[in-house]
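In order, the protein sequences belong to chains A and B. Position 2, counted from 1, in the first sequence is what my numbering calls 2; the numbers after and before it change by one each time, with no gaps. Counting from 1 along the second sequence, just add 448 to a position and that's the residue number in my numbering. Yeah, the Cβ is synthetic: ideal placement off N, Cα and C, and Gly gets one too. Predicted, not measured: the structure shown is a model, and the values here were computed from it.
Number of protein chains: 2
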Amino acid sequence: MKVFRFCLALMGLAALPMAALADIADQVTDFTLDNGLQVVVIEDHRAPVVVHMLWYRAGSADETAGVSGVAHFLEHLLFKQTKTLAAGEFSRVVAENGGSDNAFTSTDFTAYFQRVAADRLDLMMRMEADRMMNLDLSEEDILTEREVIIEERNQRVENSPGALFREQSNAALYLNHRYGVPVIGWRHEMEKLSLSDALAFYRRYYAPNNAVLVVAGDVLPDEVREMAVKNYGSLPANPDLHPRARPQEPPQIAARRLTYRDERVAQPYITRNYLAPERDPGDQSTAAALSLLADILGGGQTSVLTQKLQFETSTAVYSAAFYDGLSLDDSNFGFVVVPSADVTLQAAEDALDQALAGFLETGVDLAQLDRIKTQFAASEIYARDNVQGLANSYGAALTSGLELADIHAWPAAVQAVSPEDIMSAAKELLNEERSVTGWLMKPEEEAE
Amino acid sequence: MKVFRFCLALMGLAALPMAALADIADQVTDFTLDNGLQVVVIEDHRAPVVVHMLWYRAGSADETAGVSGVAHFLEHLLFKQTKTLAAGEFSRVVAENGGSDNAFTSTDFTAYFQRVAADRLDLMMRMEADRMMNLDLSEEDILTEREVIIEERNQRVENSPGALFREQSNAALYLNHRYGVPVIGWRHEMEKLSLSDALAFYRRYYAPNNAVLVVAGDVLPDEVREMAVKNYGSLPANPDLHPRARPQEPPQIAARRLTYRDERVAQPYITRNYLAPERDPGDQSTAAALSLLADILGGGQTSVLTQKLQFETSTAVYSAAFYDGLSLDDSNFGFVVVPSADVTLQAAEDALDQALAGFLETGVDLAQLDRIKTQFAASEIYARDNVQGLANSYGAALTSGLELADIHAWPAAVQAVSPEDIMSAAKELLNEERSVTGWLMKPEEEAE
Chain A
1 MKVFRFCLAL
11 MGLAALPMAA
21 LADIADQVTD
31 FTLDNGLQVV
41 VIEDHRAPVV
51 VHMLWYRAGS
61 ADETAGVSGV
71 AHFLEHLLFK
81 QTKTLAAGEF
91 SRVVAENGGS
101 DNAFTSTDFT
111 AYFQRVAADR
121 LDLMMRMEAD
131 RMMNLDLSEE
141 DILTEREVII
151 EERNQRVENS
161 PGALFREQSN
171 AALYLNHRYG
181 VPVIGWRHEM
191 EKLSLSDALA
201 FYRRYYAPNN
211 AVLVVAGDVL
221 PDEVREMAVK
231 NYGSLPANPD
241 LHPRARPQEP
251 PQIAARRLTY
261 RDERVAQPYI
271 TRNYLAPERD
281 PGDQSTAAAL
291 SLLADILGGG
301 QTSVLTQKLQ
311 FETSTAVYSA
321 AFYDGLSLDD
331 SNFGFVVVPS
341 ADVTLQAAED
351 ALDQALAGFL
361 ETGVDLAQLD
371 RIKTQFAASE
381 IYARDNVQGL
391 ANSYGAALTS
401 GLELADIHAW
411 PAAVQAVSPE
421 DIMSAAKELL
431 NEERSVTGWL
441 MKPEEEAE
Chain B
449 MKVFRFCLAL
459 MGLAALPMAA
469 LADIADQVTD
479 FTLDNGLQVV
489 VIEDHRAPVV
499 VHMLWYRAGS
509 ADETAGVSGV
519 AHFLEHLLFK
529 QTKTLAAGEF
539 SRVVAENGGS
549 DNAFTSTDFT
559 AYFQRVAADR
569 LDLMMRMEAD
579 RMMNLDLSEE
589 DILTEREVII
599 EERNQRVENS
609 PGALFREQSN
619 AALYLNHRYG
629 VPVIGWRHEM
639 EKLSLSDALA
649 FYRRYYAPNN
659 AVLVVAGDVL
669 PDEVREMAVK
679 NYGSLPANPD
689 LHPRARPQEP
699 PQIAARRLTY
709 RDERVAQPYI
719 TRNYLAPERD
729 PGDQSTAAAL
739 SLLADILGGG
749 QTSVLTQKLQ
759 FETSTAVYSA
769 AFYDGLSLDD
779 SNFGFVVVPS
789 ADVTLQAAED
799 ALDQALAGFL
809 ETGVDLAQLD
819 RIKTQFAASE
829 IYARDNVQGL
839 ANSYGAALTS
849 GLELADIHAW
859 PAAVQAVSPE
869 DIMSAAKELL
879 NEERSVTGWL
889 MKPEEEAE
């Protein structure tokens, strides 16, 4: 029942509608409880509904080496028994109250959410606060739920050549950082995940001073505060919580390539991934330029790659660029090119390189940039309509190293990007030494 | 003053003379103290000299993520002040007694040794036992010695394109295991190594139940036992020591390539590294076959690569194969080909692939295999002459996951390898999906 978003996140398809947040700052209230729980309230009184999300600043990249997958495993286990709720009772109560609930894990966060009628908020808080502290796991839970996550890996990764390919490519992109390890975990490590592994992660990271509560919908800040104090206020902070510091990348000085061959590949393609800077607090301008660059190069019908590789030369049947700047540490900027029939992967790669080199020479098309900025501004407006999307945006940003001020500054940061900023970011980015080029193909295919 | 062996170990040039140990088992006595300290005595009464080595089952691959280099850093720091010795006093006392001392760090172990007149053994034990427990480090020590190891990295790695290339290639070979992290450390992590990082490693791993004492030379087992009990016997075991289990590799399913370009490259070359099984306790037959395979393919003038690439075609000016089976976890089997003038790296790589494919078809030359086995047996005999080499062999093996019985079984395991064993090991090994191919070249050179 849990949505598992890492595939989307890795592919950059889950770009959050951060754009809409510039002018809605006055809908947003934030405060922090004495135990360190950060609370963000987003008011939207159009319908008597509320989204209650609890975000932990703990994702797969916060795991200890050797227990990959434990962040996601624990996410599953949080639906088991607590000292006051039976296994499965949480979701049953939500459903009985007409709501829906879910959870997801990424490299930088784990989040739990419910969408219910606004008058059920207190109940949600009570149950969510309960499982932050009172999880009561048994060895039996470990055995059964471990089978579930392994089966999840089977379905999402082992059965998908593209997912296996991404996993190996991602491992090659990161030389030192845990972003190279899959969120769902390496299978051989998942098979050994134990009760003590899960509890160690739980005790280390599940605490009010490592969480962000986002409540969005038909609520008033004062009532949320009162309710939050009542339900979450008495939970003890973890006094041993350390600042979030993961192993960082060394200088990447050697261009990497990899080839994954699999019988099940229906359509071969190439990818290119570059290590790329992420949005940092108070310093989002490079990431803003890269976001626009991704749209310029591979964001739709008028993009550089689509024009060059699909319309002008018929080299590719599909091409795209993606970048997700929402990341605690260095992110990636990627390309995919799916060649047309009879076009080799080498020819597709050469065409990509030529298109990029051509772009670096000719620069940004000003009309295209204007169009993209306008679309971006429009998406800000539309995003306000989706209260759950807004809650998601705030939670993800606040658990990925950003502050509220950064969220609100982002739309202006994007509009402020100049063509020169984009070219400068592109030149810095497109350094093959910090890249991995991947070929996905059938076993029998010749490389050239 | 410390010899730093990781470069040698990675290149396989420091192949230890394990061969000589089959028939000398009766020179070897081993016992374990009550506190868990394993002691190995190797008698050699030809000269009144003794080698005293203390080996810890703790190397760079036992480090926590983010503090790379701390194992080697601590090795340096062990020459600082203890509660009873001033900084530098240890080595001064050794020298004043006519001896020499040194230390080295690898992925799987850290070792300290002295070579002195046999009647100074008690003094060596007293000082070595002292620094196992009584290190008395200051912030000042950290600051000064950190500069030393960073300078060591400058000299050994930053100033050497080949070393930088190996580092990046090694990081690409291992997707999950800490063997992908350099023994000396990533520079950006070395710069942050702190007193608490060093002490954490020291307290976790420096204990009698995590160490092997090797005493070799003009000594009798009983006197060593008595002296060891006296000096080491009262040191407390670490009750929290866990079995040694590091994160292992996931299935490697995508062949990797990398190119490192550097102005300082005088001679471009290619390398190919395959993930390879290591010697395991009670199971050394595959590693024995791989050891012979390395000699057959690239171990000198009559090897396959030298014949094909140098004598028959003049493609290469140098070629070699290397494999070091002494490793706690999966090791690597590597090739290097240095092309002749006017031969491209692509042509050199193609020639390597052709030579390997040809070998897989034609199989082992029986006369060559006999010659190599005879040389191997001869090296067993010669190795006995070098008491320090013997001590080294035992210490390295016993801290790399092997037992005494494995050391003594190794020469016979090598002699028992059949041509079929070698071909079977070669076919299993030479799987491009578990390989990294590296090109080292000047910036301006064209790849093809």
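query                                                                                                                                                                                             : result
Among residues of its own chain, excluding the 5 on either side of A:Glu432, which ones have a beta-carbon nearer than 8 angstroms to its beta-carbon?                                            : Ala255
Tell me, to the nearest whole angstrom, how far the beta carbon of A:Ala61 is from that of A:Arg178; I am working on the premise that it is less than 8 angstroms.                                : 4 angstroms
Under a three-way DSSP split, which group does A:Ala357 fall into?                                                                                                                                : helix
Measure from the C-beta of A:Gln248 to each C-beta in chain B and report whether the shortest distance is under 8 angstroms.                                                                      : yes
Give every residue of the same chain whose Cβ lies closer than 7 angstroms to the Cβ of B:Leu745, excluding the five residues on either side of it in the sequence, and list them in chain order. : Ser751, Val752, Leu753, Ala769 and Phe807
Apart from the five residues on each side of it in sequence, which residues of its chain come closer than 7 angstroms, Cβ to Cβ, to B:Ala839?                                                     : Ile490, Val499, Met501, Val662 and Ala664
So what's B:His500 in DSSP terms, helix, strand or just coil?                                                                                                                                     : strand
Measuring CB atoms only, is the stretch 283-293 of chain A touching the stretch 413-426 of chain A, in the sense that at least three cross pairs come out at less than 8 angstroms?               : yes
Kindly list, in the order they appear in chain A, the residues whose Cβ is closer than 7 angstroms to that of B:Glu599.                                                                           : Those within 7 angstroms of B:Glu599 in chain A number zero; the least Cβ separation is about 18 angstroms.
Using three-state DSSP, classify A:Thr286 as helix, strand or coil.                                                                                                                               : helix
Quick one: which chain A residues come within Cβ less than 8 angstroms of B:Phe613?                                                                                                               : Ala254
Three Cβ pairs or more, each shorter than 8 angstroms: is that satisfied between the stretch 555-563 of chain B and the stretch 478-496 of chain B?                                               : no
Does the separation of the CB atoms of B:Leu800 and B:Val667 fall below 8 angstroms?                                                                                                              : no
Go ahead and label B:Arg712 buried or exposed: buried means 16 or more other beta carbons lie within 10 angstroms of its beta carbon, across all protein chains shown.                            : exposed
Identify the contact partners of B:Ala629 in chain A, using a Cβ-Cβ distance below 8 angstroms as the criterion.                                                                                  : Before going on, a small fix: residue 629 of chain B reads as Val here, not Ala. Result: Asn176.
By a C-beta neighbour count over all protein chains shown, 10 Å radius and 16 as the cutoff for buried, is A:His453 buried or exposed?                                                            : As displayed, chain A neither begins before 1 nor continues past 448, which places residue 453 of chain A out of reach and without an answer.
Check the Cβ of A:Gln155 against every Cβ in chain B and list those closer than 9 angstroms, keeping chain order.                                                                                 : Within chain B, no residue comes near A:Gln155; the closest Cβ sits about 17 angstroms away, beyond 9 angstroms.
Out of B:Val884, B:Gly633, B:Pro729 and B:Thr480, state which residue places its alpha-carbon closest to the alpha-carbon of B:Ala676.                                                            : B:Thr480
Go ahead and pull the three-state DSSP assignment for A:Gly180.                                                                                                                                   : helix
What does the Cβ neighbour count give for A:Asp406, buried or exposed, with the cut at 16 atoms within 10 Å?                                                                                      : buried
Going by C-alpha distance, which of A:Ser138, A:Ser100 and A:Asp34 is nearest A:Lys80?                                                                                                            : A:Ser138
Of all the residues that make up the stretch 505-520 of chain B, which are near chain A by a beta-carbon distance shorter than 7 angstroms?                                                       : Ala513 and Gly514
Along chain A, which residues have their Cβ under 9 angstroms away from the Cβ of B:Glu637?                                                                                                       : Asn176, Pro247, Gln248 and Pro250
Can you find a C-beta in chain B that's less than 8 angstroms from the C-beta of A:Tyr260?                                                                                                        : yes
Between which residues of its own chain and A:Val49 is the CB-CB distance below 8 angstroms, once the five residues before and five after are set aside?                                          : Arg115, Val116, Ala117, Ala118, Gly217, Asp218 and Val387
Give the DSSP-derived three-state secondary structure of B:Met889 in the structure shown.                                                                                                         : strand
Could you tell me which of A:Phe201, A:Val337 and A:Gly233 sits nearest to A:Asn273, measuring between CA atoms?                                                                                  : A:Val337
Nearest by alpha-carbon distance to B:Arg652: which of B:Leu522, B:Asp777, B:Gly773 and B:Leu793 is it?                                                                                           : B:Leu522
What does the alpha-carbon distance come out to for the pair B:Tyr771 and B:Ala795?                                                                                                               : 24 angstroms
Could you give the distance in angstroms between the alpha-carbon of A:Phe6 and the alpha-carbon of A:Val183?                                                                                     : Because A:Phe6 sits at a pLDDT of 35, beneath the cut-off of 50, its placement in the model cannot be relied upon, and the following sentence gives the value as read from the coordinates. Straight-line Cα distance between these residues: approximately 6 angstroms.
Quick check: what's the CA-CA separation for A:Gln284 versus A:Glu403?                                                                                                                            : 12 angstroms
Scan the stretch 489-562 of chain B and note each continuous alpha helix (DSSP H) run of 4 residues or more that stays entirely inside, going in chain order.                                     : 518-525 and 537-544
Name the DSSP bridge partner or partners of A:Val436?                                                                                                                                             : A:Arg256 and A:Asn273
How should B:Leu878 be labelled, buried or exposed, when 16 other C-beta atoms within 10 angstroms of its C-beta is the threshold for buried?                                                     : buried
Tell me whether A:Phe311 is buried or exposed, calling it buried when 16 or more other Cβ atoms sit within 10 Å of its Cβ.                                                                        : exposed
For the stretch 555-585 of chain B, which residues have a beta carbon sitting closer than 7 angstroms to at least one beta carbon of chain A?                                                     : none
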